[in-house]
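Presented below is the structure to which this report refers.
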Ligand code: FAD
Ligand code: PYC
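In the numbering used here, the protein residues as written are 3 to 415.
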C-alpha cells in the first residue's frame, strides 16, 4: 500500500469523509417514512427534500444502503421500450441520468455505450422494427439495423452463434448506457442526508398501523414511529409489506442471477442483449464482463446462486463469443425480482390513504431510479399521481388496462 494512503487512513486530521450520518435514535414521528434504502427509496427521499422541501423524512432499511437489487443489477440503462407510456417515462429517466453526477458532485461512471438487442429470427426482427418506430416517433434514438451493422460494431461476435442461432440484425439504441450502481445509491443517500433526511440502516419495518382507512404509523425492529405517509420501495419484498396492510397485487417474486468475469483487456464497447440466447453483457471500465440471463424458472424468496445458471449463461456466452473460453468467472449473485404480469411497474397511490407504492420493478428498475424518485416524490408530496406514472397505477389490473412491456424486457423471462 502506498505510504501516502496509509498516512491518510491513520491520520485523525484527514478522516475519510462519511457519505451520510448515522443517526443514533429514531424520532417518535416523521412526515414521511420510506421503506427501503435502495436507489428508489433514496431517490424519492432526495427529491422530497430538494424539490418539495419535505425534510422530516426517515428512510428505513433492514440491511445496508444499496444492498438490495440496486447493488446487484447489471446496470443497463436504456429507453427503447415498446409502449409510448414506457418510452416517455424511461426517456425522462435518461435525461435525469445525464445530469446526476453533476447534481451529486460524484462520479457515477455513467458511460453511454450504445445498446444492441440482437434478433435471431424474423419474428424478433419484426419486434425490433416495431420498437424502433415507437421510439423514433417519440424522439428516442433507436433503429433496426442489419447483420453487417452489428458485425462492424462488434467485430469479435460470431454472427452464426455456433451455427444454431444466426444473427439477422438488431435494434440499435444509441443512448444505451451503464453506470456504477453503488455510487448511485451513495449519491442519492448523501444528497438526502445533507438536506436533513435520516437514513436508518439495520431497521426493519415489521408492521404498518392503519386507523380509519389511513396510515398512522409503522412498527420497526427499533420501535414505533408515527407518520401519515409511507412509501414502500422494497422491490422483491413488496408482497410482504402489502400483506401488512391487507392489499393484494399480482406481483410474483423470482430470483434473478448475474455474474462477473475477471478483468480483461477492453474489447467490448456496446451493451449486448440476445433474447433468444438469454444473455446480456457489458464490459466495465475496469475490464470485467458483467453478464446476466433470464429469471430463475421457479418462484423463490432466496438469493442463492446456482451452478445451473452459471453453466447455462456460460454456454450461451460462448455461442456469441467463442474466444472467451479461458476467461474466469469471479463472482455470482442473485436478487429478488418483483415481477408483474405486464412487465410494467406498479406506482403511486393505493386504496389505503397515505400508503404509496413504488414496486413491480422486476428486472428493469435500475434505469428508472431517477425518474422514480422524481415522480414518487411528487406523488407523496401532493397526494396525486404524477402524470408520467398514470399507466402504472395499482388498479390497472382491475380495469384490464395493462401496459404491455414484455416485448421490451431485455431477455425472455
Ligand atoms: P432495492 O435496491 O432492492 O431496495 C429495496 C430495499 O428494501 C432493500 O435494500 C431491502 O433490504 C429493503 N427492505 C425490504 N424489506 C424491508 C423492510 N421490511 N424494512 C426495511 N427495509 C426493507 N434493472 C435495470 O434497469 N437494468 C439492469 O441491467 C438490471 N439488471 C438486473 C440484474 C439483476 C441480477 C437484478 C436482481 C435486477 C436487475 N435490474 C435491472 C432490476 C433493478 O436492479 C431493480 O429493479 C432496482 O434496483 C430496484 O431498486 P429498488 O430501490 O426499488 O429496490
Ligand atoms: O432492463 O435492460 C434491462 C435489463 C438488463 C438486464 C436486466 N434488465
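Built from N, CA and C at the ideal position, the CB exists for glycine as well.
Everything numeric in this text was worked out from a predicted model, so none of it was measured.
Contact test: residue i Cβ vs the ligand FAD heavy atom, cutoff 8 Å
i	result
residue 242	yes
residue 407	no
residue 318	no
residue 367	yes
residue 42	yes
residue 338	yes
residue 185	no
residue 236	yes
residue 364	yes
residue 64	yes
residue 358	no
residue 109	no
Near the ligand PYC: residue i beta-carbon under 8 Å from a heavy atom
i	result
residue 80	yes
residue 68	no
residue 291	no
residue 412	yes
residue 322	no
residue 262	no
residue 48	no
residue 76	yes
residue 24	no
residue 294	yes
residue 174	no
residue 258	yes
Residue i in three-state terms, based on DSSP
i	result
residue 116	coil
residue 10	helix
residue 158	coil
residue 56	coil
residue 111	coil
residue 151	helix
residue 197	coil
residue 238	helix
residue 411	coil
residue 139	helix
residue 2	Residue 2 is absent from the structure shown; the chain starts at 3 and stops at 415.
residue 104	helix
residue 354	coil
residue 213	strand
residue 208	strand
residue 401	coil
residue 129	helix
residue 226	strand
Nearest candidate by alpha-carbon position, reference residue i, set the options
i	options	result
residue 142	121, 103, 97	97
residue 297	339, 273, 190, 379	339
residue 91	374, 385, 414, 400	374
residue 330	394, 264, 366, 121	264
residue 303	352, 294, 253	253
residue 233	267, 86, 51, 379	379
residue 401	392, 409, 196	392
residue 136	58, 193, 407, 321	407
residue 55	199, 24, 168, 38	199
residue 119	277, 337, 213, 356	277
residue 108	193, 399, 280, 318	193
residue 226	208, 333, 384	208
residue 35	62, 355, 345	62
residue 327	333, 334, 313	313
residue 70	365, 358, 383, 387	365
residue 25	174, 351, 274, 204	204
residue 292	174, 77, 345	77
residue 127	148, 112, 116	148
residue 361	342, 104, 414, 355	342
residue 151	272, 415, 385	272
residue 168	31, 323, 395	323
Residue i Cβ short of 8 Å to the ligand ATP heavy atom set
i	result
residue 206	The ligand content of the structure shown is limited to the ligand FAD and the ligand PYC, which means the ligand ATP is not among them.
Cutoff 9 Å: residue i Cβ touching any chain B Cβ
i	result
residue 26	The chain inventory of the structure shown lacks chain B, comprising one protein chain alone.
*asked:* As an exercise, report each continuous alpha helix (DSSP H) stretch of at least 4 residues that is fully enclosed by the segment 364-399, in chain order.
replied: Restricted to the segment 364-399, the alpha helix (DSSP H) segments that are unbroken, complete and at least 4 residues in length are 371-384, listed in chain order.
*Return the chain-ordered ranges of every beta strand (DSSP E) run that is complete within the segment 250-334 and spans a minimum of 3 residues.*
Runs of the beta strand (DSSP E) inside the segment 250-334: 254-263, 273-276, 281-285, 291-301.
_Contained beta strand (DSSP E) runs [length at least 3] in the segment 157-195, N- to C-terminal order_ = Runs of the beta strand (DSSP E) inside the segment 157-195: 171-175.
*Could you name each continuous alpha helix (DSSP H) segment of 4 residues or more that falls completely within the segment 14-95, going from the start of the chain to the end?*
Entirely contained in the segment 14-95, the alpha helix (DSSP H) runs reaching 4 residues are, in chain order, 41-54.
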